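First to last, the sequence lines map onto chains E and L.
This note's numbering numbers the first residue of the first sequence as 5 and each following residue consecutively.
This note's numbering numbers the first residue of the second sequence as 5 and each following residue consecutively.
To keep things clear, I will list the structure first and then write my remarks on it.
2 protein chains.
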Amino acid sequence: MLKELPLTEFSTRLASEQPAPGGGSASAAVAALGAGLLIMTCNLTLGREKYQDAEEDLMEVREELEPIRVMLLASVDRDSEAYDAVIAAFGMPRTNTEEKAERKAAIQSAMRAASEVPMDMARRAGRALDLASIVAGKGNPNALSDAGCGARFLEAGLRGALYNVRINLPSIKDEAYVAEMTSEVERLSQRADEAMAKVLAIIESGL
Amino acid sequence: MLKELPLTEFSTRLASEQPAPGGGSASAAVAALGAGLLIMTCNLTLGREKYQDAEEDLMEVREELEPIRVMLLASVDRDSEAYDAVIAAFGMPRTNTEEKAERKAAIQSAMRAASEVPMDMARRAGRALDLASIVAGKGNPNALSDAGCGARFLEAGLRGALYNVRINLPSIKDEAYVAEMTSEVERLSQRADEAMAKVLAIIESGL
C-alpha cells in the first residue's frame with residue numbers, strides 16, 4: 005500500500021514518470037499530515053492545568069480530527085486505485101458495438117469514482133480546516149506554529165483534491181452530475197477561504 | 005531516520021504528544037512532495053513530440069528541482085535534530101555561574117540553528133515555487149492538476165517553515181540577527197505571494 009511506503013520512497017514515486025500516484029494521493033497525504041499536526045497541538049494542550057479552560061473543546065475537536073486523519077491516509081491509496089480503474093476502463097476491448105458501449109459505460113463510471121474520491125477528501129479536509137481556528141485559538145501557544153502548519157497543509161490538500169475533481173469533470177457526460185459537483189467545488193472552496201481567514205488571523209497575531 | 009518512516013507512521017508520530025517531529029519536519033515533507041509533483045509533470049512532458057517546444061525549459065527546471073527535493077527530504081530529519089539540540093541545551097546543568105553562562109550560550113546557538121534549518125527550507129521551497137509557473141504553463145496539460153498540487157504543497161511547506169522560523173526568533177537575543185531574519189521572512193513571504201499569483205492564474209484558466 006502507498007500509505008505504508010517510506011516518505012522518501014513515496015516522494016520518489018510521485019516524482020516518477022508514472023502518473024499514479026499523483027496529485028490526488030499526495031493531497032490526501034498532505035491533508036493527513038495537517039490533521040496530525042492539529043491533533044498534536046491538542047495533545048500538547050490537554051491535561052495541562054494552565055490550559056484547563058480549553059480542555060472540553062479540544063477534547064471534542066481531537067475526537068473529531070482523528071477519524072478524519074485515518075480517512076485521509078486511506079485516501080492515499082483510494083485515489084490511485086480510482087485512477088487505475090480509469091486506465092483499466094480505457095483499456096477495455098472495442099471491437100464491436102456492444103463492447104464499445106460497455107467500455108464507454110465503464111469509463112464513465114470510473115471517471116465518476118475518480119472524482120468522488122478527491123471530493124470526499126476535500127469534504128473531510130474542509131471539516132478539519134473549520135476546526136483549525138479552535139485549535140490555534142485555544143491550544144498551547146508554544147505549538148502555535150504547529151497549528152499554523154496544520155491549517156496550511158489541510159488547505160493545500162483540500163485545494164489539491166479539488167483540482168483533481170475539476171480535471172476529471174470535463175470527461176463526464178452527465179450534465180446534472182457535473183453541475184452538482186462544480187457547485188460543491190465552489191462551496192468547499194469558499195468555505196476554505198473563510199476558515200483560512202479565521203485561523204490565519206489568530207496565527208499572525210500570535211506569532 | 006524520520007524520512008524513512010512509512011507515511012502512516014510519520015503521520016501518527018506527528019499527531020502524538022511528542023513535540024518532535026512537528027511542524028518543521030512536516031513542512032519539509034510537504035514541500036518535498038510538492039517538488040516531486042512538479043518533477044512528475046516535467047517527466048510526463050519531456051520526450052513527447054507534442055510538447056517539443058517545452059523540452060529545453062522543462063529539462064532545465066527538472067534538473068534544478070531534483071536537488072531541492074532531496075534537500076527538502078533531508079530537512080525532515082534536520083529539523084527534528086535541531087529541535088532536539090534546543091531541548092538538550094535547556095537540559096544543561098546550571099549549578100554555578102560558569103555553567104549558567106555555558107547553558108545560556110548553548111541555548112542561543114541551538115535556537116539559531118533551529119531557525120536556520122526552516123529558513124533554508126523556505127529558501128529552497130521558494131525557489132521551487134518560482135519554477136512552478138513554468139511547469140504549469142509549459143507542462144503536459146493532462147498533468148495540470150498535478151502541477152497545481154505541486155505549487156500548493158510547496159507554498160504550504162514554505163509558509164509552514166516560516167512559522168517555525170518566527171516562533172523561535174523571540175528567544176534569540178542578538179537583535180541584529182533577529183532583524184535580518186525577520187526581513188528575510190518578509191521577503192520570502194512576498195516572493196511566494198507573487199509566485200502563487202502567477203501559477204494560480206495558469207491553473208485557474210486551464211482547469
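Where is the CB? At the ideal position from N, CA and C, for every residue including glycine.
Nothing here was measured: the structure is a model prediction, and the numbers come from that model.
Cα-Cα separation between leucine 133 of chain L and arginine 66 of chain L, rounded to whole angstroms: For the purposes of this step, residue 133 of chain L is identified with residue 129 of the second sequence, where counting begins at 1. For the purposes of this step, residue 66 of chain L is identified with residue 62 of the second sequence, where counting begins at 1. Their Cα atoms are separated by approximately 13 Å.
Nearest-angstrom Cβ-Cβ length linking leucine 148 of chain E and leucine 62 of chain E, presumed shorter than 8 Å: The residue you call residue 148 of chain E lines up with position 144 of the first sequence. The residue you call residue 62 of chain E lines up with position 58 of the first sequence. Rounded, the Cβ-Cβ distance is 14 Å, inconsistent with contact.
Contacts of threonine 12 of chain E in chain L (Cβ-Cβ under 7 Å): The sequence position of residue 12 of chain E within the first sequence is 8, counting from 1. Neighbours of threonine 12 of chain E on chain L, chain order: Lys7, Glu8 and Leu77.
Best match in L/Tyr55, L/Arg73 and L/Ala114 for proximity to serine 84 of chain L [C-alpha to C-alpha]: By 1-based counting over the second sequence, the position of residue 84 of chain L is 80. For serine 84 of chain L, the nearest C-alpha among the options comes from L/Ala114.
Range of the contiguous alpha helix (DSSP H) that encloses glutamine 194 of chain E: For the purposes of this step, residue 194 of chain E is taken as residue 190 along the first sequence, with counting starting at 1. Per DSSP, the unbroken alpha helix (DSSP H) holding glutamine 194 of chain E starts and ends at 179 to 210.
Under the three-state DSSP convention, the category proline 10 of chain L falls into: Taking the second sequence and counting its residues from 1, the one referred to as residue 10 of chain L is at position 6. Strand.
Backbone CA spacing between methionine 44 of chain E and arginine 73 of chain E [nearest angstrom]: Taking the first residue of the first sequence as 1, we reach residue 44 of chain E at position 40. Taking the first residue of the first sequence as 1, we reach residue 73 of chain E at position 69. For methionine 44 of chain E and arginine 73 of chain E, the distance between alpha carbons rounds to 12 Å.
Cβ shell of alanine 151 of chain E (< 6 Å), same chain only, five flanking positions each side left out: In the first sequence, residue 151 of chain E corresponds to position 147, counting from 1. Hits under 6 Å: Thr45, Val139, Ala140 and Gly143.
Alanine 35 of chain E vs leucine 6 of chain E beta-carbon contact at 7 Å: The count along the first sequence starts at 1 and reaches residue 35 of chain E at position 31. The count along the first sequence starts at 1 and reaches residue 6 of chain E at position 2. No; because the gap between Cβ atoms is not below 7 Å, this pair is not in contact.
Residues of its chain near alanine 196 of chain E, where Cβ-Cβ distance is below 8 Å and the 5 sequence neighbours each way are ignored: For the purposes of this step, residue 196 of chain E is taken as residue 192 along the first sequence, with counting starting at 1. Correct list, in chain order: Gly130, Leu133, Glu159, Leu162 and Arg163.
Cα-Cα separation between glutamine 194 of chain E and alanine 155 of chain L, rounded to whole angstroms: Within the first sequence, residue 194 of chain E is the residue found at index 190, counting from 1. Within the second sequence, residue 155 of chain L is the residue found at index 151, counting from 1. The straight-line gap from Cα to Cα measures roughly 19 Å.
Helix, strand or coil at asparagine 230 of chain E [DSSP, three-state]: Coverage of chain E is limited to positions 5 through 211, which leaves residue 230 of chain E absent and any answer about it impossible.
Host alpha helix (DSSP H) of aspartate 57 of chain L (start-end): In the second sequence, the residue the question calls residue 57 of chain L occupies position 53. Taken as a continuous stretch (DSSP letters only), aspartate 57 of chain L belongs to no alpha helix (DSSP H), as it is neither H nor E.
Chain-ordered neighbours of isoleucine 171 of chain L on chain E, where CB pairs are closer than 7 Å: Indexing the second sequence from 1 puts residue 171 of chain L at position 167. Under the 7 Å cutoff, chain E gives Leu148, Ser149 and Leu211.
Check whether glycine 28 of chain E and asparagine 168 of chain E have beta carbons under 7 Å apart: By one-based count along the first sequence, residue 28 of chain E stands at place 24. By one-based count along the first sequence, residue 168 of chain E stands at place 164. Cβ atoms of glycine 28 of chain E and asparagine 168 of chain E: closer than 7 Å.
Where the alpha helix (DSSP H) through alanine 35 of chain E begins and ends: Counting from one through the first sequence, the residue named residue 35 of chain E turns up at place 31. Note, alanine 35 of chain E: alpha helix (DSSP H), 27 to 47.
7 Å Cβ cutoff met for leucine 42 of chain L and leucine 11 of chain L: Walking along the second sequence from the start, residue 42 of chain L turns up at place 38. Walking along the second sequence from the start, residue 11 of chain L turns up at place 7. Cβ distance not < 7 Å, so leucine 42 of chain L and leucine 11 of chain L don't count as in contact.
Cβ-Cβ separation, methionine 125 of chain E to serine 20 of chain E (assumed contact under 8 Å), whole Å: The residue you call residue 20 of chain E lines up with position 16 of the first sequence. The residue you call residue 125 of chain E lines up with position 121 of the first sequence. Between methionine 125 of chain E and serine 20 of chain E the Cβ distance is about 22 Å, and since that is not below 8 Å, they are no contact.
Through-space distance from alanine 201 of chain E to proline 174 of chain E, alpha-carbon basis: Taking the first sequence and counting its residues from 1, one reaches residue 174 of chain E at position 170. Taking the first sequence and counting its residues from 1, one reaches residue 201 of chain E at position 197. Each residue's Cα considered, the two are about 31 Å apart.
Among L/Glu179, L/Ile176 and L/Pro23, the one whose alpha carbon lies nearest that of aspartate 88 of chain L: The residue labelled residue 88 of chain L in the question sits at position 84 within the second sequence. Of the listed residues, the one whose Cα sits closest to aspartate 88 of chain L is L/Pro23.
Neighbour flag for phenylalanine 94 of chain E against chain L, beta carbons, 7 Å: As a first step, residue 94 of chain E is located in the first sequence; it is residue number 90 there, counting from the start. With 7 Å as the cut-off, phenylalanine 94 of chain E does not count as an interface residue toward chain L.
CB contact below 7 Å: valine 34 of chain L versus chain E: By 1-based counting over the second sequence, the position of residue 34 of chain L is 30. With 7 Å as the cut-off, valine 34 of chain L counts as an interface residue toward chain E.
CA nearest to the CA of valine 127 of chain L, picked from L/Lys177, L/Val189, L/Ser209 and L/Leu50: Sequence index remark: in the second sequence, residue 127 of chain L carries index 123 (1-based). Inspection of the sequence shows that residue 127 of chain L is occupied by arginine rather than by valine. Of the candidates L/Lys177, L/Val189, L/Ser209 and L/Leu50, the one whose C-alpha sits nearest the C-alpha of arginine 127 of chain L is L/Val189.
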